[in-house]
Amino acid sequence: MCSDFRPGLTSGGIDLTYDDNDAIKLCVWVLEDVEKQEWSKYVYTLPESQVPVYNVFVVGMTATGEIVLSAKQTSRPFYVFYYNPEKNTLQSVEIRGVGEHQEAFDSDRRVYAFVDYVVDSKFIT
Numbered sequence: 001m002c003s004d005f006r007p008g009l010t011s012g013g014i015d016l017t018y019d020d021n022d023a024i025k026l027c028v029w030v031l032e033d034v035e036k037q038e039w040s041k042y043v044y045t046l047p048e049s050q051v052p053v054y055n056v057f058v059v060g061m062t063a064t065g066e067i068v069l070s071a072k073q074t075s076r077p078f079y080v081f082y083y084n085p086e087k088n089t090l091q092s093v094e095i096r097g098v099g100e101h102q103e104a105f106d107s108d109r110r111v112y113a114f115v116d117y118v119v120d121s122k123f124i125t
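Be aware that the sequence shown starts at 1, since it is given in UniProt numbering, and climbs by one per residue.
And the structure:
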């Protein structure tokens with residue numbers, strides 16, 4: 001169940017919970033009117049079969065409005081999910097090549113993910 005959380009004055013918020021069937025519920029709050037403090041709440045449900053990882057978190061939102069989800073721990077295969085609430089579509093992207101032999105996925109490790117973060121690979125040695 002989504003809480004009645006109210007985000008900060010000029011922002012919004014996304015809350016991720018699981019329902020009784022292990023489906024992911026995304027509750028999105030949007031500040032519609034700053035002066036009146038009027039909020040809209042939108043609830044989106046992603047069936048468990050669409051996200052084959054149980055322990056996920058909300059990374060953030062892209063500039064195009066997609067909600068980004070990631071597993072909290074490494075796994076093989078490792079996926080990042082992009083949910084588009086306007087189109088009600090979910091795209092999964094497999095992440096490969098972490099370490100020469102993918103050794104980063106050999107044991108459970110905490111994942112730190114960021115939205116719209118770019119690294120210039122020519123500076124990586």
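Idealized CB from N, CA, C, for every residue including glycine.
Taking every protein chain shown into account, the CB of Ala63 has fewer than 16 other CB atoms within 10 angstroms, so this residue is exposed. The three-state reading of DSSP puts Gly13 in strand, counting E and B together. A Cβ-Cβ distance of about 25 angstroms is found for the pair Lys25 and Asp33, leaving them out of contact under the 8 angstroms criterion.
Looking at the DSSP output, Ser75 shares a beta bridge with no other residue. The C-beta separation of Tyr79 from Ile95 comes to about 7 angstroms, placing the pair in contact by the 8 angstroms criterion. Under the DSSP assignment, Gly60 falls in the beta strand (DSSP E) whose first and last residues are Val56 to Met61. Here Ala23 has Thr45, Leu46, Pro47 and Glu48 as same chain residues with Cβ atoms under 8 angstroms from its own Cβ, once five neighbours each way along the sequence are excluded. A check of alpha carbon separations from Tyr117 across Thr17, Leu16, Leu31 and Val59 identifies Val59 as the nearest.
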